[in-house]
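Novice: According to the working numbering, the sequence shown holds residues 39 to 395 in order.
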Amino acid sequence: MTDLDSLRKTLLDEIETAQNLDDLEQLRVAVLGKKGQITKRMKGLGALEPEARRNQGAALNTLKEEISRAITERGRVLGDSALNARLLQERFDMTLPPRPETEGRIHPISQTLGELLQIFGAMGFAVAEGPDVEDDFHNFAALNIPPEHPARQMHDTFYFPPDASGERRLLRTHTSPVQIRTMRAAKPPIRIVAPGRTYRRDSDITHTPMFHQIEGLLIDRGTHMGHLKGCLFDFCRAFFELDEVPLRFRPSFFPFTEPSAEVDIGCAREKDTIRVGAGADWLEILGCGMVHPKVLEHCGIDSSVYQGFAFGLGVERVAMLKYGIPDLRTFFEADLRWLRHYGFLPLDVPTLTGGLS
Ligand code: DAH
Numbered sequence: 039m040t041d042l043d044s045l046r047k048t049l050l051d052e053i054e055t056a057q058n059l060d061d062l063e064q065l066r067v068a069v070l071g072k073k074g075q076i077t078k079r080m081k082g083l084g085a086l087e088p089e090a091r092r093n094q095g096a097a098l099n100t101l102k103e104e105i106s107r108a109i110t111e112r113g114r115v116l117g118d119s120a121l122n123a124r125l126l127q128e129r130f131d132m133t134l135p136p137r138p139e140t141e142g143r144i145h146p147i148s149q150t151l152g153e154l155l156q157i158f159g160a161m162g163f164a165v166a167e168g169p170d171v172e173d174d175f176h177n178f179a180a181l182n183i184p185p186e187h188p189a190r191q192m193h194d195t196f197y198f199p200p201d202a203s204g205e206r207r208l209l210r211t212h213t214s215p216v217q218i219r220t221m222r223a224a225k226p227p228i229r230i231v232a233p234g235r236t237y238r239r240d241s242d243i244t245h246t247p248m249f250h251q252i253e254g255l256l257i258d259r260g261t262h263m264g265h266l267k268g269c270l271f272d273f274c275r276a277f278f279e280l281d282e283v284p285l286r287f288r289p290s291f292f293p294f295t296e297p298s299a300e301v302d303i304g305c306a307r308e309k310d311t312i313r314v315g316a317g318a319d320w321l322e323i324l325g326c327g328m329v330h331p332k333v334l335e336h337c338g339i340d341s342s343v344y345q346g347f348a349f350g351l352g353v354e355r356v357a358m359l360k361y362g363i364p365d366l367r368t369f370f371e372a373d374l375r376w377l378r379h380y381g382f383l384p385l386d387v388p389t390l391t392g393g394l395s
């Protein structure tokens, strides 16, 4: 048996008996590494006669390939068995119920948004989104609020410094600009809700500089105020989980709707709490109306063919009413005790069939 034959036999034996990937790696370095047994022999070829060098070189190459293959193959076997051993050890029972003692809580705003999207989703509204940083056109002008219009003052807008062209971008003051973006991008019929953050320079017991709204928009032929009323009644019944909700449509003004209305919900004020659904008091929950023909025209929609309704609802406001949360500012204080009290378990996913709250 030549020297190489016996080396081959020893190496293959060692490879076959390597018990783990670390040992195998050490072996690989000892044989094929820079100072490895085969590498060293390769380096020694230069000292041989040409004829012997050719023969010995070819034999070494064959051996090197065979050993590399054997190492790869053994590595695969060892890797598989290591994985199998781990899988056996880490076995767990997927049929066990989830652990009920989860610490985290879902914020009431997230939960309420989930409920709103469930309800409007079931009515066939798709979800649309727009940017928090808006321009004047989408937030105001296209909504029929031209410069100097008094409605602008009511919005207490956060403006950015003017850019090179002198235009001042702003933090959207309502979700209504998503109406414009949607109508300019799609052809009627349109049926969307747009949830999101809105911003106003305002901070007191009933106002925070950032709050949430959900906008609704429906555009189709023959749409009228009756459709709007039906939609909002159905929504309120589903959201407040009441068979009958007293709603009052009060004439109002918004530049982007005509006619416009504010909707109040019947409630009873008792000391620190408000109970929805009965009683002598009314509380405003949203603004709505028929989309102004000028707004449709700004978006390239023929107002002699299409009509639409829109509404905008304050998410914090309805969450406070539904869950009896007395103070708006606590929503954004990130107080864990508050969250433990008013938050929701992660598994309480709101669904129409399983229950909304
Ligand atoms: N954008 C209004 C606001 O923030 C709310 C609103 C009123 C939205 C009437 C509408 C609407 O879509 O039709 O005060």
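Think of the CB as a built atom: it goes at the ideal place given N, C-alpha and C, for glycine as much as any other residue.
1. Using C-beta distances below 7 Å, list every residue in its chain close to L50, excluding the 5 sequence neighbours before and after it, in chain order.
2. So which of Q217, I53, L101 and L321 has the shortest CA-CA distance to G346?
3. Helix, strand or coil: which one does DSSP assign to S106?
4. May I have a chain-ordered list of the beta strand (DSSP E) segments no shorter than 3 residues that lie completely inside the region 239 to 304?
5. Please classify I157: does DSSP put it in a helix, a strand, or coil?
6. Please list, in chain order, all residues of the same chain as L385 whose beta carbon is under 7 Å from its beta carbon, the five residues on each side excluded.
7. Can the beta-carbon of H105 be found less than 8 Å from the beta-carbon of I144?
8. Would you say the beta carbon of G350 is closer than 7 Å to some non-hydrogen atom of the ligand DAH?
9. Cβ of F196 within 8 Å of Cβ of Y237?
10. Under the criterion of a Cβ to heavy atom distance below 7 Å, does E253 qualify as lining the ligand DAH?
11. Between L83, V171 and V67, which lies nearest to E205 when the distance is taken from Cα to Cα?
12. Do you know whose CA, among A189, E335, G350 and G352, lies nearest Y344's CA?
13. My assumption, with CB atoms under 8 Å, is that T244 sits in contact with L366. Please give the rounded CB distance.
14. Measure the beta-carbon distance from P226 to I157 and round it to whole angstroms, keeping in mind my assumption that it falls under 8 Å.
15. Mind checking if E128 is an interface residue toward chain B, Cβ cutoff 8 Å exclusive?
16. Just to check, is the beta-carbon of G327 closer than 7 Å to a non-hydrogen atom of the ligand DAH?
17. Suppose only complete runs of 4+ residues qualify. What are the alpha helix (DSSP H) ranges in the region 77 to 133, listed by chain order?
18. For H262, which option in Q251, G168, L324 and M328 has the closest C-alpha, if you only look at C-alpha atoms?
19. Given that a residue counts as buried once 16 or more other Cβ atoms are within 10 Å of its Cβ, and exposed if not, what is A96?
20. Find the nearest neighbour of L42 within the set G254, A202, R79 and D60, judged by alpha-carbon distance.
21. Report whether the distance from the Cβ of F294 to the nearest heavy atom of the ligand DAH is below 7 Å.
22. Just checking H262 against the ligand DAH - is the residue's beta carbon closer than 7 Å to any of the ligand's heavy atoms?
23. Does the region 273 to 285 come close enough to the region 371 to 387 that 3 or more CB-CB pairs lie under 8 Å?
24. With R401 as the anchor, note down where its beta strand (DSSP E) starts and where it stops.
25. With 16 other CB atoms within 10 Å as the buried threshold, where does Q149 fall?
26. Would you report the Cα separation of L208 and A160, rounded to the nearest angstrom?
27. Please report the residue range of the beta strand (DSSP E) in which Q345 lies.
28. Can you give the Cα-Cα distance for L70 and K102, rounded to whole angstroms?
29. Figure out for me which residue from N93, G142 and G74 has the closest Cα to the Cα of D373.
30. Under 6 Å Cβ to Cβ from R222, same chain only, skipping five residues before and after it: list those, please.
31. So, are the CB atoms of V231 and L270 less than 8 Å apart?
Specialist: According to the structure data:
1. Here residue 50 corresponds to residue number 12 of the sequence shown, with the count starting at 1. Answer for L50: A108, listed in chain order.
2. Stepping through the sequence shown from its first residue, residue 346 is reached at position 308. Closest by C-alpha distance to G346, out of Q217, I53, L101 and L321, is Q217.
3. Working through the sequence shown from its first residue, we reach residue 106 at position 68. The answer is helix: DSSP assigns S106 an H, G or I state.
4. 248 to 258 and 285 to 292
5. Residue numbering aside, residue 157 sits at position 119 when the sequence shown is read from its first letter. Three-state result, I157: helix.
6. In the sequence shown, residue 385 corresponds to position 347, counting from 1. So the qualifying residues of the chain are P136.
7. On the sequence shown, position 67 is the one that residue 105 refers to. On the sequence shown, position 106 is the one that residue 144 refers to. With the sequence shown as reference, residue 105 is identified as Ile, and His is not the correct amino acid for it. Their beta carbons are not under 8 Å apart, which means I105 does not touch I144 by this criterion.
8. Your numbering for residue 350 matches position 312 in the sequence shown. At least one heavy atom of the ligand DAH is nearer than 7 Å to the Cβ of G350, so yes.
9. Against the sequence shown, residue 196 aligns to sequence position 158. Against the sequence shown, residue 237 aligns to sequence position 199. In contact: F196 and Y237 (Cβ atoms closer than 8 Å).
10. Here residue 253 refers to the residue found at position 215 when the sequence shown is read from its first residue. True, at least one ligand heavy atom lies under 7 Å from that Cβ.
11. As a working note, residue 205 is residue 167 in the sequence shown. Here the closest residue by C-alpha is V171.
12. For the purposes of this step, residue 344 is taken as residue 306 along the sequence shown, with counting starting at 1. Comparing Cα positions, the closest option is E335.
13. Locating residue 244 in the sequence shown gives position 206, counting from the first residue. Locating residue 366 in the sequence shown gives position 328, counting from the first residue. Indeed they touch by this definition, with Cβ atoms about 6 Å apart.
14. Indexing the sequence shown from 1 puts residue 226 at position 188. Indexing the sequence shown from 1 puts residue 157 at position 119. P226 to I157, Cβ: 23 Å. No contact.
15. The structure shown contains no chain B; it is built from a single protein chain.
16. Locating residue 327 in the sequence shown gives position 289, counting from the first residue. Under cutoff, so the answer is yes.
17. Listed in chain order, they are 88 to 127.
18. Within the sequence shown, numbered from 1, the residue matching residue 262 stands at position 224. Cα-wise, what sits closest to H262 is M328.
19. To locate residue 96, count along the sequence shown from 1; it is residue 58. Counting Cβ neighbours within 10 Å, A96 comes out exposed, since fewer than 16 surround it.
20. Locating residue 42 in the sequence shown gives position 4, where the first residue counts as 1. Here the closest residue by C-alpha is R79.
21. Here the question's residue 294 lines up with position 256 in the sequence shown. Answer for F294: yes, Cβ within range of the ligand DAH.
22. Locating residue 262 in the sequence shown gives position 224, counting from the first residue. Every heavy atom of the ligand DAH is 7 Å or more from the Cβ of H262, so no.
23. no
24. Residue numbering for the chain in the displayed model covers 39 to 395; residue 401 lies beyond these limits and cannot be assessed.
25. Position 111 of the sequence shown, counted from the start, is the residue given in the question as residue 149. Counting Cβ neighbours within 10 Å, Q149 comes out buried, since at least 16 surround it.
26. Walking along the sequence shown from the start, residue 208 turns up at place 170. Walking along the sequence shown from the start, residue 160 turns up at place 122. Distance from the CA of L208 to the CA of A160, rounded to the nearest whole angstrom, comes to 33 Å.
27. In the sequence shown, counting from the first residue as 1, residue 345 sits at position 307. Here the beta strand (DSSP E) through Q345 covers Q345 to G352.
28. On the sequence shown, position 32 is the one that residue 70 refers to. On the sequence shown, position 64 is the one that residue 102 refers to. L70 and K102: Cα-Cα distance of roughly 8 Å.
29. Here residue 373 corresponds to residue number 335 of the sequence shown, with the count starting at 1. It is G142 whose Cα lies nearest to the Cα of D373.
30. Counting from 1 along the sequence shown, the entry for residue 222 is found at position 184. Cβ neighbours of R222 beyond the five flanking positions: C337.
31. The residue you call residue 231 lines up with position 193 of the sequence shown. The residue you call residue 270 lines up with position 232 of the sequence shown. Taking 8 Å as the Cβ cut-off, V231 and L270 do not qualify as a contacting pair.
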